[in-house]
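Worksheet: one structure, shown below.
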Amino acid sequence: MAKRLPPLNPLRAFEATARHASLTKAAGELNVTHGAVSHQIKALEQSLGVKLFERTGQRVKLTPHGAEFLPAVSAAFDGIAAATQRMTRPASAGALSVSCVPALLLLWMTPRLGSFTAQYPDIQLTLIPSNDPKDIRAPDIDVCVHYGDGSWSDCWIRKWSGLELFPVVSPTLINNRPIRSVRDLADHVFLHGDDGREWHTWLAAADALDLERGRRHRLGDARMATEAAVHGHGVALGDSVTARALLARGLLVAPFTLSVPAVDDFYVVCRNEMRSAPIVQLFIDWLFAEKERDEGRADAPVAGRVPSRRKRPALKVIGAKTAS
1 MAKRLPPLNP LRAFEATARH ASLTKAAGEL NVTHGAVSHQ IKALEQSLGV KLFERTGQRV
61 KLTPHGAEFL PAVSAAFDGI AAATQRMTRP ASAGALSVSC VPALLLLWMT PRLGSFTAQY
121 PDIQLTLIPS NDPKDIRAPD IDVCVHYGDG SWSDCWIRKW SGLELFPVVS PTLINNRPIR
181 SVRDLADHVF LHGDDGREWH TWLAAADALD LERGRRHRLG DARMATEAAV HGHGVALGDS
241 VTARALLARG LLVAPFTLSV PAVDDFYVVC RNEMRSAPIV QLFIDWLFAE KERDEGRADA
301 PVAGRVPSRR KRPALKVIGA KTAS
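Each step along the sequence shown adds one to the number in UniProt numbering, with nothing skipped, and position 84 is 84.
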């Protein structure tokens with residue numbers, strides 16, 4: 001005997017209403033009237049013989065029965081969506097939209113586009129410089145490579161890379177205005193890619209929070225701060241992922257061996273239903289393969305690791321005599 005299942009439309013109305021906690025928003029998503037959603041939920045409640053929602057004004061709240069029922073319904077719809085993606089999207093051809101942290105996109109991903117194109121010539125990428133969490137839910141974005149604490153909910157997520165921070169400066173600037181010790185930083189412009197927390201973390205590890213800091217520029221993000229450093233406008237905090245190529249090419253030098261772990265990490269994130277799409281899997285696999293390839297290279301003088309827990313870490317100066 002076939003298993004007894006509730007009708008599809010009432011299940012869709014239930015899942016959308018539970019997700020939005022609103023009949024009106026669910027109706028908008030499903031492109032039906034508020035009354036139609038309410039009628040479908042009542043029909044589902046009658047079919048199951050339990051109450052699924054409690055109405056409080058304009059909002060609704062799941063009952064214990066509804067909270068127990070929702071995970072199974074959501075998982076079923078996610079499975080259907082994933083299967084649909086696998087069937088309708090080719091494995092190695094088509095369009096793929098990627099949202100990526102601006103600094104990582106410009107300084108790490110863009111130089112490697114040739115590698116991706118060589119492997120998957122029939123995949124057309126749309127690359128969006130962004131670290132906006134809203135991109136994870138955006139229907140026109142397939143996968144995100146974002147910087148954060150990994151606390152995004154109701155999505156597929158995997159840590160891609162940690163990173164360490166250390167000062168970087170152009171060879172021309174350091175030759176004209178030497179940096180022989182951490183105290184010499186007081187004679188330079190501090191370039192901030194955030195609200196100042198990252199520089200505070202590094203200076204704390206260097207036992208230099210009392211350093212007199214005068215001139216400083218606050219730029220929009222790490223990419224802009226790094227570019228400003230390349231052009232000789234001051235000292236920025238580079239990181240062990242995005243600054244590697246600039247150090248290898250001699251566009252930047254790392255004056256100190258001290259590096260500190262960044263507050264957050266890089267993550268690959270996407271909607272649950274997108275994870276199993278073959279074209280998304282290919283891109284994610286490529287990302288991790290490229291990262292492993294980087295870790296196997298020793299082609300860039302990245303600042304060495306000095307544990308930040310040391311009270312007075314040694315601050316060896318390097319690169320002060322680099323030719324301009």
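Even for Gly, the Cβ is constructed at its ideal location relative to N, Cα and C.
Buried or exposed by the 16-neighbour rule on C-beta atoms within 10 Å, applied to residue i
i: VAL302; result: For VAL302, the predicted model reports a pLDDT of 44, less than 50, meaning its position is unreliable and no value from the coordinates is stated.
i: GLN40; result: buried
i: GLY114; result: exposed
i: LYS321; result: Here LYS321 scores only 36 on pLDDT, less than 50, and its place in the model should not be relied on; the value that follows carries that caveat. By the neighbour-count rule (16 or more Cβ atoms within 10 Å), LYS321 is not buried but exposed.
i: VAL241; result: buried
i: ASP149; result: exposed
i: ILE80; result: exposed
i: HIS231; result: exposed
i: ASP239; result: buried
i: LEU176; result: Leu is not the amino acid found at residue 176; the sequence shown has Asn there. Exposed is the call here.
i: VAL263; result: exposed
i: ARG137; result: exposed
i: ASP299; result: Residue confidence is low: ASP299 scores 46 on pLDDT, short of 50, so the model does not pin down where it sits. Its coordinate-derived value is still stated next. Per the 10 Å Cβ criterion, exposed.
i: PHE256; result: buried
i: GLU15; result: buried
i: ASN31; result: exposed
i: PHE288; result: exposed
i: GLY196; result: exposed
i: ARG293; result: exposed
i: HIS188; result: buried
i: LEU249; result: Per the sequence presented here, residue 249 reads as Arg, with Leu not at that position. By the neighbour-count rule (16 or more Cβ atoms within 10 Å), ARG249 is not buried but exposed.
i: GLY66; result: buried
i: ASP135; result: buried
i: GLU212; result: exposed
i: GLU68; result: exposed
N- and C-terminal bounds of the beta strand (DSSP E) containing residue i
i: ASP239; result: 236-239
i: VAL268; result: 265-270
i: THR24; result: From DSSP, THR24 is part of no beta strand (DSSP E) but of the alpha helix (DSSP H) over 23-30.
i: THR226; result: Element bounds for THR226: not the beta strand (DSSP E) but the alpha helix (DSSP H), 222-230.
i: LEU247; result: No beta strand (DSSP E) contains LEU247, which is instead part of the alpha helix (DSSP H) from 244-248.
i: ARG4; result: No beta strand (DSSP E) holds ARG4; DSSP gives it neither H nor E.
i: LEU125; result: 123-129
i: HIS233; result: Counting along the chain, HIS233 falls outside any beta strand (DSSP E), and DSSP gives it neither H nor E.
i: ARG216; result: 216-218
Supposed contact pair residue j and residue i - C-beta distance, whole angstroms, cut 8 Å
i: LEU185; j: VAL235; result: 6 Å
i: residue 368; j: LEU62; result: The structure shown has nothing for residue 368, since the chain only spans 1 to 324.
i: LEU237; j: GLY193; result: 7 Å
i: ILE123; j: ILE141; result: Wrong, their Cβ atoms sit about 15 Å apart, outside the cutoff.
i: ALA254; j: PRO167; result: 7 Å
i: ALA55; j: SER22; result: Residue identity differs from the one stated: residue 55 is Arg in this sequence, not Ala. Going by Cβ atoms, the distance from ARG55 to SER22 rounds to 11 Å, so no, they are not a contact pair.
i: THR208; j: SER170; result: Looking at the sequence provided, one finds Ala at residue 208 rather than Thr. About 21 Å; that fails the 8 Å criterion.
i: LEU165; j: TRP202; result: 6 Å
i: ALA13; j: VAL50; result: About 16 Å; that fails the 8 Å criterion.
i: LEU11; j: LEU44; result: 7 Å
i: ALA205; j: VAL260; result: 5 Å
i: TYR267; j: ILE174; result: Incorrect: roughly 34 Å between the Cβ atoms, too far for contact.
i: TRP152; j: LYS291; result: Between LYS291 and TRP152 the Cβ distance is about 20 Å, and since that is not below 8 Å, they are no contact.
i: LEU125; j: LEU96; result: 6 Å
i: HIS217; j: LEU246; result: No, HIS217 and LEU246 are not in contact; Cβ-Cβ is about 18 Å, not under 8 Å.
i: ASP132; j: ASN272; result: Between ASN272 and ASP132 the Cβ distance is about 19 Å, and since that is not below 8 Å, they are no contact.
i: ALA27; j: THR33; result: 6 Å
Run of the alpha helix (DSSP H) containing residue i, from where it starts to where it stops
i: ARG293; result: 278-295
i: PRO10; result: 8-20
Mind pulling the beta strand (DSSP E) runs of 3 or more residues that sit fully within the stretch 133-199? 143-148, 156-161, 164-168, 190-192
Run through the stretch 32-114 for me and flag every whole beta strand (DSSP E) of 3 or more residues, listed as ranges in chain order. 53-56, 59-62, 94-100
Is it the case that the stretch 280-288 contacts the stretch 130-147, given that we only count it when at least three CB pairs across the two stretches are under 8 Å? yes
Under 8 Å, with one C-beta from each stretch per pair, do the stretch 205-225 and the stretch 96-111 reach the 3-pair mark? yes
Using 8 Å as the threshold, is the stretch 62-78 in touch with the stretch 13-20, meaning 3 or more CB pairs across them? yes
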